[in-house]
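Q: Dropping a structure here in structure tokens format, bear with me for questions.
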Amino acid sequence: MPITVIATTITEAMIKTYSAADGPLRVLFLMATEAEYGAALRTLIEPVIIGVGPVEAGVRTLKALNDHSADLVVNLGSAGSRSLKQAEIFQVSHVSYRDMDASPLGFEKGVTPFLDLPAELFIPQRLPGIPTARIATGASIVNGSQYDAIDADMVDMESYAVLRACMIAGAGMICLRGVSDGVEEIRRFSDWTFYLAEIDAQLAAIVRSLPDAFAALPKAYWKAPISN
Numbered sequence: 000m001p002i003t004v005i006a007t008t009i010t011e012a013m014i015k016t017y018s019a020a021d022g023p024l025r026v027l028f029l030m031a032t033e034a035e036y037g038a039a040l041r042t043l044i045e046p047v048i049i050g051v052g053p054v055e056a057g058v059r060t061l062k063a064l065n066d067h068s069a070d071l072v073v074n075l076g077s078a079g080s081r082s083l084k085q086a087e088i089f090q091v092s093h094v095s096y097r098d099m100d101a102s103p104l105g106f107e108k109g110v111t112p113f114l115d116l117p118a119e120l121f122i123p124q125r126l127p128g129i130p131t132a133r134i135a136t137g138a139s140i141v142n143g144s145q146y147d148a149i150d151a152d153m154v155d156m157e158s159y160a161v162l163r164a165c166m167i168a169g170a171g172m173i174c175l176r177g178v179s180d181g182v183e184e185i186r187r188f189s190d191w192t193f194y195l196a197e198i199d200a201q202l203a204a205i206v207r208s209l210p211d212a213f214a215a216l217p218k219a220y221w222k223a224p225i226s227n
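Laid out in structure tokens, this is it:
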């Protein structure tokens with residue numbers, strides 16, 4: 000499989016300024032991997048590549064937001080789903096952390112001890128005309144019957160970590176995921192990448208529509224995070 004070194008330099012040029020209904024809106028685009036950053040998106044945005052998994056995604060997102068303040072993060076990428084249509088794009092409405100289980104200590108499964116947050120976090124920002132789905136983040140690929148134990152429509156490896164970083168930094172978040180796999184088990188690298196070009200084209204179409212969506216509502220709507 001191809002190996003890509005993740006760039007650590009984050010520049011001000013990666014922030015795109017749009018117009019909300021009442022003023023400028025600073026937007027930072029994030030993606031986990033170069034593989035998901037296809038030809039269509041490359042003509043439109045320069046995202047920060049945050050890496051795979053909750054640890055890399057969390058620390059790199061927080062670093063990006065500390066280095067260059069943004070009002071809104073747009074997190075683009077792929078996800079697995081056994082129930083949703085392959086290659087279709089969904090915006091994430093709720094995020095959970097499927098690896099967290101401190102239930103032997105008396106905490107609800109999915110709840111991080113002593114954090115005072117529910118097991119599932121709600122994302123208030125919405126783009127018009129895009130179906131919503133719930134996502135569960137973890138540090139492992141999900142295959143076959145493993146989906147049975149997960150209470151979500153999709154799975155990925157970064158969204159929860161990105162949302163927590165946004166909450167700490169005081170930024171809003173839009174999370175868009177194209178379903179890359181899940182109906183069949185992933186057995187090789189190409190099983191994940193098969194739909195990525197199609198997902199890239201659809202995500203690019205949504206990115207082109209963002210100026211109109213942002214202009215329709217005030218900055219406070221796009222920036223408003225979940226309280227941490």
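For the sequence shown, the positions run 0 to 227 when numbering that gives the first Met the number 0 is used. Just so you know, even glycine gets a beta-carbon here, dropped at the ideal spot from N, CA and C.
In the structure shown, what three-state DSSP assignment does I205 receive?
A: DSSP places I205 in helix when its eight states are reduced to three.
Q: Report the start-end ranges of each beta strand (DSSP E) in the stretch 106-132 that is 3 residues or longer and not cut off at the edges.
A: Taking only runs of at least 3 residues, the beta strand (DSSP E) segments lying wholly in the stretch 106-132 are 119-121.
Q: Over what stretch of residues does the alpha helix (DSSP H) that includes K222 continue unbroken?
A: Unbroken alpha helix (DSSP H) run through K222: K218 to K222.
Q: Return the CA-CA distance between L40 and L202, expressed in angstroms with no decimal places.
A: Going by the C-alpha atoms only, they are around 7 Å apart.
Q: Considering only the beta carbon of each residue, do I129 and Q85 sit closer than 7 Å?
A: No, these two residues do not count as a Cβ contact at 7 Å.
Q: For the 8 Å Cβ check, are there 3 or more pairs between the stretch 45-55 and the stretch 108-122?
A: No, because fewer than three Cβ pairs between the stretch 45-55 and the stretch 108-122 fall closer than 8 Å, the two stretches do not touch.
Q: Please confirm whether I14 and L24 have their CB atoms less than 7 Å apart.
A: Cβ distance not < 7 Å, so I14 and L24 don't count as in contact.
Q: Tell me the rounded alpha-carbon separation between V4 and A34.
A: Caution is warranted here: a pLDDT of 43 is assigned to V4, below 50, making its placement in the model unreliable, and the coordinate value is therefore given only provisionally. Looking at the two C-alpha atoms, the distance is approximately 12 Å.
Q: In chain order, what residues of the same chain lie with their CB nearer than 6 Å to the CB of A212, ignoring the 5 residues before and after it?
A: Closer than 6 Å at Cβ, skipping near neighbours: L126.
Q: Identify, in the order they occur along the chain, each residue of the same chain with its Cβ nearer than 8 Å to the Cβ of Q124, setting aside the five sequence neighbours on each side.
A: The answer, listed in chain order, is L71, G171, M172, I173, Y220, W221 and A223.
Q: Please go through the same chain and pick out, in chain order, the residues whose beta-carbon is closer than 8 Å to the beta-carbon of S179, but skip the five residues on each side of it.
A: Same-chain partners within the cutoff: S77, A78, G79, Q85, A86, W191, T192, F193, Y194, L195 and I198.
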